[in-house]
Amino acid sequence: MTSDVRLLDAPLDHAAELARFARAHPAAGGIASFLGQVRGDDTVLELELSHFEPLTLPAMRALADTAMARWKLGGVLIVHRIGAMAPGDPIVLIAAAARHRRAAFEAVDYLMDHLKSETWLWKRERTAAGWRWVEPGHEDHADKARWSVGGLAGDAPA
Amino acid sequence: MTIRVLFLGRLEDAAGSGMRDVPAEPDVAALIASFEPALAALLCSDTVRVAVNGVLGAGPLAAGDEVAFLPPVSGG
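The listed protein sequences derive, respectively, from chains A and B.
Just so you know, we're using my numbering here: the first sequence kicks off at 1 and counts up by one.
Just so you know, we're using my numbering here: the second sequence kicks off at 1 and counts up by one.
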């Protein structure tokens, strides 16, 4: 098993997922991970992510393949929630296993920047005023641009 | 002889529902033109992508096809 990419319509048990991923990659010297949670604030009561079956998962798998090709990795884990969540709930878990930590750190950073701006997911929030769709932020696109030619993060190390 | 149309994200609100079955049209442009003007204007935006039968791109249409309109994403 190299990359494990899934959409999950049930609570995300990030500790169990990470433990399983670590066991699957005993040769890795390091595993870096990122856990995204539904941001808690006083106004958002509920958050819902919808997806488009034919595109969402295939595009996430292609992104994992890109990271596998760009860095020397033993494996990549992406588990993304869909459906309804409450503030504080895990929404996405990303992990990368590598012989050396730098590749793992960079791959996770790269995957998260691209997931935010490219994944076929649509987010809406429920407040006391009702549901509203969340528009993509400019910050997300700037984060992704770090990885293009001439971007701040530059190319992967040889 | 219908086409199934899916409206993702905020387009669902604009269309009043996430899905509608409509009479077949020869292509996506004709399909969009068959909708109410306010919705058609939204769907013409450069930021709205189209997928026919789950594949990105707007080719010719036939009865039984599924057309999805995909607004800018907001995931993660």
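C-beta: ideal position from N, C-alpha, C; glycine also.
By DSSP's assignment, A:R39 forms no beta bridge with any residue. A:L45 is positioned such that its CB atom lies closer than 8 Å to that of A:R126. By alpha-carbon distance to A:I94, the top candidate from A:P87, A:Q37 and A:P26 is A:Q37. Each residue's CA atom was taken as its position, placing A:D109 and B:A14 some 35 Å apart. Assignment of beta-bridge partners to B:F69 by DSSP yields B:F7 and B:V50.
In the three-state reduction of the DSSP assignment, B:D21 falls in the strand class.
In the three-state DSSP reduction, B:L43 falls in the helix class (H, G or I). Excluding the 5 residues flanking it on each side, A:F52 has same chain C-beta neighbours closer than 6 Å at W120, in chain order. Here the C-alpha atom of A:A15 lies approximately 35 Å from the C-alpha atom of B:G18. Residues of chain B with a Cβ closer than 8 Å to the Cβ of A:P136 are, in chain order, P72, V73 and S74.
With respect to A:W122, B:L8 sits close: the two C-beta atoms are nearer than 8 Å. Under a criterion of Cβ atoms nearer than 7 Å, no residue of chain A is adjacent to B:A14; the nearest Cβ is some 10 Å distant.
At a cut-off of 8 Å between beta carbons, A:S50 contacts chain B. The C-beta of B:R20 comes no closer than 8 Å to any C-beta of chain A. The distance from the Cβ of B:V67 to that of B:V50 is about 7 Å, consistent with a contact at the 8 Å cut-off.
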